[in-house]
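A quick write-up on the structure given underneath.
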């Protein structure tokens with residue numbers, strides 16, 4: 001099974017790569033649209049801003065490659081900013097790929113970023129999140145998605161209000177937390193993701 | 001609710017973890033990744049690697065350590081110590097650190113915080129502030145800077161820091177508890193998470209830091225002496241009703 005991490009110049013992908021290796025995959029990092037389009041699973045990870053990430057993806061045609069995949073029903077996983085990139089306009093500036101409808105809003109809480117370990121509450125059945133209800137995972141973000149369709153939300157966390165922690169919409173999925181930095185629960189998530197991407 | 005974090009801080013010299021912060025009589029504590037993994041298993045929520053010899057030896061060894069830590073650790077880690085400027089901080093993040101802690105370089109040129117946040121997001125930017133009697137000091141506590149620590153904390157956040165690591169030089173190493181007035185004053189002044197540092201001796205001390213508004217607390221000597229202490233500290237905090245993470249064994 002071919003797992004590809006889209007490299008659009010946003011930070012270091014070593015920790016995500018290694019986490020997928022621990023889960024049993026052999027991921028490769030791809031700069032070109034063809035690899036991103038053809039892989040069995042494409043992952044958009046990274047840090048920073050939706051705006052610069054969207055620009056980085058567009059520079060090598062990776063944005064269209066990801067759109068093509070989604071249209072063809074081939075699995076795409078977004079992690080952290082990568083999940084925000086699946087959505088629309090961000091309060092931070094820029095617009096994502098709009099594979100899913102809804103804005104990315106700045107978190108309203110006494111302390112932002114939402115930083116640290118928080119507990120996942122599952123909002124519906126999702127193959128992605130099997131075994132993860134009530135587990136703690138690591139978040140580090142100041143912006144969060146607000147899907148127009150509540151049906152795509154698979155898990156939430158509480159930070160003085162509801163934070164969307166995971167979305168599951170057919171071939172398109174995302175997690176706001178960092179599985180590569182979430183110890184046991186993160187490993188379980190990636191294991192689930194690999195199983196999910198074989199079944200989508 | 002996001003959980004209160006307990007964060008061991010490891011001093012690193014030449015890419016090795018050492019005990020003691022004075023530059024004489026450094027004793028090696030073990031292989032850094034092994035030690036970090038052990039703390040991770042014992043319940044560390046994050047780790048801080050502090051490169052205490054950065055300015056003496058250059059960045060080679062710590063960059064190598066970051067690359068390995070990024071690949072092998074399954075909890076987040078911050079790297080700091082002797083960060084000289086923007087390029088230096090960027091090199092640590094680009095090597096795979098989840099966050100970089102900038103101290104004097106940010107005080108001297110706060111625009112560094114903005115530049116780092118622009119590229120990596122403010123969640124990756126920690127401003128480290130050392131204070132003595134409420135005044136900012138730099139150069140490992142040697143140079144008083146004539147500025148109120150709370151005032152600087154406020155500016156650091158405006159400039160882009162997503163978290164503050166606040167160390168009381170007065171309390172550091174005493175094991176008599178964190179500097180609570182300082183921790184409270186900074187936590188009240190800013191809207192980002194504050195990490196209390198310096199003075200941890202027991203679970204009660206961590207609880208006090210959380211009570212005055214810290215989101216996280218640094219532990220060093222008490223856990224380096226006996227790593228199992230970390231697991232006990234978290235169990236004691238949990239027992240006392242604090243919202244802390246007890247990892248699966």
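Protein chains in written order, with my numbering: chain V, 1 to 200; chain A, 1 to 249.
Heads up, the beta-carbon is just placed ideally off N, CA and C, and yes, glycines get one too.
Just so we're clear, the structure is a prediction, and the values are computed from it rather than from any experiment.
Query, Result
"Does the pairing of the stretch 119–129 of chain V with the stretch 96–111 of chain V give three or more beta-carbon distances under 8 Å?", "no"
"Return the CA-CA distance between residue 171(A) and residue 212(A), expressed in angstroms with no decimal places.", "16 Å"
"Would you kindly work out how many angstroms separate the C-alpha atoms of residue 250(A) and residue 130(V), rounded to a whole number?", "What is shown of chain A runs 1 to 249, which leaves residue 250(A) out entirely."
"Residues of the stretch 92–105 of chain A with a CB closer than 9 Å to any CB of chain V: list them in chain order, please.", "93, 94, 95, 96, 97, 98, 99"
"Quick one: does residue 15(V) have its CB under 8 Å from some CB of chain A?", "yes"
"Which residue comes first and which comes last in the alpha helix (DSSP H) that contains residue 192(V)?", "183–199"
"Would you say residue 23(A) faces chain V, with C-beta separation under 8 Å as the test?", "Per-residue confidence for residue 23(A) stands at a pLDDT of 47, beneath the threshold of 50, marking its modelled position as unreliable; no derived number is given."
"Tell me the rounded alpha-carbon separation between residue 159(A) and residue 113(A).", "6 Å"
"Around the Cβ of residue 139(A), are there at least 16 other Cβ atoms within 10 angstroms (buried) or fewer (exposed)?", "exposed"
"Distance, Cα to Cα, residue 30(V) vs residue 19(A)?", "41 Å"
"Please check if any C-beta of chain V sits within less than 8 Å of the C-beta of residue 64(A).", "no"
"Can the beta-carbon of residue 61(A) be found closer than 8 Å to that of residue 15(A)?", "yes"
"Should residue 104(A) go down as buried or exposed, given a rule of 16 or more other Cβ atoms within 10 Å for buried?", "buried"
"Whose C-beta lies closer than 7 Å to the C-beta of residue 205(A) among residues of the same chain, with five residues either side of it excluded?", "177, 178, 199"
"Residue 129(A) by DSSP, collapsed to three states: which one?", "strand"
"Under 8 Å between beta-carbons, which chain A residues line up against residue 118(V)? List them in chain order, please.", "1, 2, 3"
"Going by the CB atoms, is the gap between residue 104(V) and residue 93(V) shorter than 8 Å?", "no"
"Does the stretch 152–168 of chain A come close enough to the stretch 179–194 of chain A that 3 or more CB-CB pairs lie under 8 Å?", "yes"
"Could you confirm whether any beta carbon from chain A is found closer than 8 Å to the beta carbon of residue 111(V)?", "yes"
"Would you verify that the beta carbon of residue 240(A) is, or is not, closer than 8 Å to some beta carbon of chain V?", "no"
"What number of angstroms, rounded off, separates the C-alpha of residue 182(V) from the C-alpha of residue 166(V)?", "14 Å"
"Using beta carbons (cut-off 8 Å, strictly below), is residue 72(A) in contact with chain V?", "yes"
"Is it right to say residue 133(A) is buried, meaning 16 or more other beta carbons lie within 10 angstroms of its own, or is it exposed?", "exposed"
"In chain order, what residues of the same chain have a beta carbon less than 8 Å from the beta carbon of residue 50(V), not counting five sequence neighbours either side?", "81, 84, 85, 90, 92, 93, 94, 95, 96, 104, 143"
"At which residue ranges does the stretch 24–108 of chain A contain complete beta strand (DSSP E) runs of 3 or more residues, listed in the order of the chain?", "27–30, 47–51, 77–80, 99–102"
"Can you name the residues that DSSP bridges to residue 120(A)?", "Partner(s): none; residue 120(A) has no beta bridge."
"Output the distance between the C-alpha atoms of residue 60(V) and residue 33(V), rounded to the nearest integer angstrom.", "7 Å"
"Is DSSP giving residue 204(A) helix, strand or coil here?", "helix"
"What residues from chain V crowd round residue 218(A), counting only those whose CB sits closer than 8 Å?", "The contacting residues do not exist; residue 218(A) stays about 14 Å from chain V at best."
"Would residue 11(V) and residue 93(A) qualify as a contact pair, given that the criterion is a beta-carbon distance under 8 Å?", "yes"
"Would you mind reading off the limits of the beta strand (DSSP E) that contains residue 86(V)?", "Taken as a continuous stretch (DSSP letters only), residue 86(V) belongs to no beta strand (DSSP E), as it is neither H nor E."
"With H, G and I counted as helix, E and B as strand and the rest as coil, what does DSSP make of residue 188(A)?", "helix"
"So with Cβ pairs under 8 Å, would you call residue 186(A) a contact of chain V?", "no"
"Which whole-angstrom value is the C-beta distance of residue 3(A) and residue 117(V), which I expect to be below 8 Å?", "5 Å"
"Give the single residue among 45(A), 13(A), 28(A), 1(A) whose Cα lies nearest to the Cα of residue 224(A).", "28(A)"
"So, does the stretch 35–51 of chain A touch the stretch 144–152 of chain V, judging by three or more C-beta pairs under 8 Å?", "no"
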